[in-house]
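The working numbering applies: residue 244 is where the sequence shown begins, and numbers increase by one.
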Amino acid sequence: MTLFEALSKSADSPSPGILEPVGSSVQAVPSVPSDTPSPESVAEVLRDLRAQFGRYICVIDDLDLDLLTLWTFHTHLAFETYSTPRLQLDSTMPGSGKTTVLEHLSRYCLNPIQAASLSSPALLTRMLNNGLRTILIDEVDRSLDPKKEGVGELIAVLNSGYKRGATRPVLIPGKGGDWQVAEMSTFSPVAMAGNAPALPDDTKSRCIRVLLMPDLHGAVETSDWEEIEESAQALAERISAAADSVRDFVKAIRPELPPGCIGRIKERWNPLKRVAAAASPEWEAIADKLIIRDIAEVEMDREDGMTNLPPAVILLQDIAKVWPADRVFIASTVLVEELVEHNPHMWGPMSSYGKVLTVQRFGRMLVQAFKIHSTRQGDSKRGYFRSQFDVPFRRMNLTPTAGTDGTDGTAEPTAWEAA
244 MTLFEALSKS
254 ADSPSPGILE
264 PVGSSVQAVP
274 SVPSDTPSPE
284 SVAEVLRDLR
294 AQFGRYICVI
304 DDLDLDLLTL
314 WTFHTHLAFE
324 TYSTPRLQLD
334 STMPGSGKTT
344 VLEHLSRYCL
354 NPIQAASLSS
364 PALLTRMLNN
374 GLRTILIDEV
384 DRSLDPKKEG
394 VGELIAVLNS
404 GYKRGATRPV
414 LIPGKGGDWQ
424 VAEMSTFSPV
434 AMAGNAPALP
444 DDTKSRCIRV
454 LLMPDLHGAV
464 ETSDWEEIEE
474 SAQALAERIS
484 AAADSVRDFV
494 KAIRPELPPG
504 CIGRIKERWN
514 PLKRVAAAAS
524 PEWEAIADKL
534 IIRDIAEVEM
544 DREDGMTNLP
554 PAVILLQDIA
564 KVWPADRVFI
574 ASTVLVEELV
584 EHNPHMWGPM
594 SSYGKVLTVQ
604 RFGRMLVQAF
614 KIHSTRQGDS
624 KRGYFRSQFD
634 VPFRRMNLTP
644 TAGTDGTDGT
654 AEPTAWEAA
């Protein structure tokens with residue numbers, strides 16, 4: 244249900260709020276005051292903001308202009324959406340317009356603060372101590388380089404601050420010269436710009452990425468702020484007013500998300516979908532396109548080996564691939580041999596570990612990652628039952644293979660069993 248539909252129902256009902264279904268439950272959506280601008284005004288503000296971005300920012304995919312629009316608007320409603328995805332402005336080379344995007348964001352986002360770099364986590368938390376702000380960081384390929392001393396702790400603060408309620412303990416001066424511990428908020432919208440920055444995987448998983456390239460053909464105008472500052476300020480005021488008009492609605496709404504939008508992907512996109520739902524069905528459809536595109540890109544990155552999965556996850560994937568459909572039990576030594584043959588780069592002598600996977604290391608990995616212990620089938624050598632992997636296979640969305648031929652696992656002995 245969009246805000247327009249909600250308002251239409253409220254006009255026909257004397258009840259103090261609107262009942263909006265959320266999953267299997269029903270939640271009350273607060274009625275919007277009569278002097279609140281119509282939902283069309285929200286869609287109109289988003290339209291004008293997108294036009295402004297399209298006039299001065301050159302993107303590879305025009306959908307990224309919609310992404311920038313929804314993300315910018317959501318900064319004014321981040322408290323209501325509970326989480327806030329990090330915006331990564333990426334490029335393969337300098338001069339692609341990243342700083343230009345940050346300049347525009349600094350005019351339209353909630354209480355923006357531009358930072359060429361962040362010197363310490365304590366500075367970051369103190370900036371947020373007096374209220375929610377949008378942090379805009381330039382040149383993160385240098386300022387957030389994981390190899391630099393102290394950057395790890397700073398990244399940890401940025402990672403934790405994407406959800407409301409995140410804090411960091413900070414020492415502050417107390418009475419009598421003593422120091423006291425204060426819990427300061429780290430929650431804030433963050434945009435980071437850099438040339439292919441080497442961000443950690445846990446940071447990337449919290450990011451929505453916009454790729455920029457140089458505008459060599461004059462497709463967009465130069466941002467002459469001396470000329471456009473006044474109009475930008477007027478648009479910023481409209482954005483703020485429009486956000487205020489839908490604050491209660493965004494807080495309560497739980498719009499439907501496309502299939503596959505779960506886990507961390509849902510945390511990234513749910514805030515922007517809620518903003519889109521406050522505008523119009525057209526903006527909801529745009530948000531769905533962005534989500535579907537992101538899900539597809541994540542899958543392609545995984546298939547192309549761009550995603551760095553933990554070794555234990557790769558091990559589980561390989562087990563699912565090598566386990567025959569008609570086997571219920573396999574000896575540990577046989578399973579390890581098959582894994583080495585199937586994926587020698589990961590489990591052979593040329594692996595990063597420097598040694599062939601042993602039965603002992605294989606067993607430790609399964610116990611530590613999935614609490615799966617080896618066992619015996621009668622008087623056989625120690626090994627594993629296929630059923631022991633049912634839960635982790637299901638949780639990791641791996642397709643089960645054992646028994647898919649319609650058997651119950653009691654097929655005639657095979658070469659695996661003979662071994």
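We put the CB at the ideal spot given by N, CA and C, even for glycine.
Using the C-alpha atoms, what's the distance from residue j back to residue i?
{"i": "residue 343", "j": "residue 330", "result": "15 Å"}
{"i": "residue 454", "j": "residue 436", "result": "10 Å"}
{"i": "residue 642", "j": "residue 633", "result": "10 Å"}
{"i": "residue 288", "j": "residue 478", "result": "8 Å"}
{"i": "residue 348", "j": "residue 638", "result": "39 Å"}
{"i": "residue 583", "j": "residue 636", "result": "20 Å"}
{"i": "residue 425", "j": "residue 418", "result": "14 Å"}
{"i": "residue 609", "j": "residue 290", "result": "52 Å"}
{"i": "residue 255", "j": "residue 476", "result": "Note that residue 255 scores 43 on pLDDT, short of 50, meaning its location in the model is unreliable and no value can be drawn from it."}
{"i": "residue 596", "j": "residue 564", "result": "22 Å"}
{"i": "residue 504", "j": "residue 408", "result": "23 Å"}
{"i": "residue 404", "j": "residue 421", "result": "28 Å"}
{"i": "residue 441", "j": "residue 589", "result": "23 Å"}
{"i": "residue 528", "j": "residue 308", "result": "15 Å"}
{"i": "residue 599", "j": "residue 587", "result": "8 Å"}
{"i": "residue 617", "j": "residue 544", "result": "33 Å"}
{"i": "residue 625", "j": "residue 555", "result": "20 Å"}
{"i": "residue 573", "j": "residue 444", "result": "34 Å"}
{"i": "residue 519", "j": "residue 506", "result": "20 Å"}
{"i": "residue 526", "j": "residue 480", "result": "21 Å"}
{"i": "residue 575", "j": "residue 602", "result": "6 Å"}
{"i": "residue 394", "j": "residue 400", "result": "10 Å"}
Check whether the Cβ of residue i sits closer than 7 Å to any heavy atom of the ligand FMN, and report yes or no.
{"i": "residue 352", "result": "As presented, the structure is devoid of all ligands, the ligand FMN included, so that no description of it is given."}
Over the uninterrupted beta strand (DSSP E) stretch that includes residue i, give me the two end residues.
{"i": "residue 627", "result": "626 to 628"}
{"i": "residue 428", "result": "422 to 428"}
{"i": "residue 465", "result": "Element bounds for residue 465: n/a, residue is neither H nor E."}
Using beta-carbon positions only, say whether residue i and residue j come within less than 8 Å of one another.
{"i": "residue 449", "j": "residue 411", "result": "no"}
{"i": "residue 482", "j": "residue 292", "result": "yes"}
{"i": "residue 345", "j": "residue 515", "result": "no"}
{"i": "residue 378", "j": "residue 433", "result": "yes"}
{"i": "residue 296", "j": "residue 311", "result": "yes"}
{"i": "residue 605", "j": "residue 577", "result": "no"}
{"i": "residue 354", "j": "residue 427", "result": "no"}
{"i": "residue 456", "j": "residue 303", "result": "yes"}
{"i": "residue 521", "j": "residue 489", "result": "yes"}
{"i": "residue 298", "j": "residue 541", "result": "no"}
{"i": "residue 406", "j": "residue 430", "result": "yes"}
{"i": "residue 535", "j": "residue 517", "result": "no"}
From the DSSP output, in three-state form, read off residue i for me.
{"i": "residue 573", "result": "strand"}
{"i": "residue 250", "result": "Note that residue 250 has pLDDT 43, beneath the 50 cutoff, so the model's placement of it is unreliable and the number below is only indicative. If DSSP states are grouped into helix, strand and coil, residue 250 belongs with the helices."}
{"i": "residue 646", "result": "In this prediction, residue 646 has a pLDDT of 42, which is less than 50 and means its spatial position is unreliable; nothing more can be read from the coordinates."}
{"i": "residue 434", "result": "strand"}
{"i": "residue 327", "result": "coil"}
{"i": "residue 584", "result": "helix"}
{"i": "residue 455", "result": "strand"}
{"i": "residue 590", "result": "helix"}
{"i": "residue 409", "result": "coil"}
{"i": "residue 403", "result": "helix"}
{"i": "residue 444", "result": "helix"}
{"i": "residue 348", "result": "helix"}
{"i": "residue 286", "result": "helix"}
{"i": "residue 335", "result": "coil"}
{"i": "residue 366", "result": "helix"}
{"i": "residue 292", "result": "helix"}
{"i": "residue 415", "result": "strand"}
{"i": "residue 380", "result": "strand"}
Quick check on this structure: which residue in the options has the alpha carbon closest to the alpha carbon of residue i?
{"i": "residue 213", "options": "629, 306, 554", "result": "No information on residue 213 is available, as it lies outside the stretch 244 to 662 that the chain covers here."}
{"i": "residue 570", "options": "628, 491, 471", "result": "628"}
{"i": "residue 317", "options": "335, 375, 336", "result": "375"}
{"i": "residue 324", "options": "471, 498, 298", "result": "498"}
{"i": "residue 560", "options": "607, 585, 319", "result": "585"}
{"i": "residue 380", "options": "373, 398, 444", "result": "398"}
{"i": "residue 459", "options": "336, 575, 589", "result": "336"}
{"i": "residue 415", "options": "554, 623, 599, 368", "result": "368"}
{"i": "residue 537", "options": "513, 602, 553, 524", "result": "513"}
{"i": "residue 386", "options": "370, 338, 358", "result": "358"}
{"i": "residue 508", "options": "286, 326, 319", "result": "326"}
{"i": "residue 552", "options": "612, 471, 332, 339", "result": "612"}
Can you name the start and end residues of the alpha helix (DSSP H) that residue i belongs to?
{"i": "residue 477", "result": "468 to 488"}
{"i": "residue 563", "result": "554 to 565"}
{"i": "residue 611", "result": "602 to 613"}
{"i": "residue 519", "result": "506 to 520"}
{"i": "residue 310", "result": "306 to 317"}
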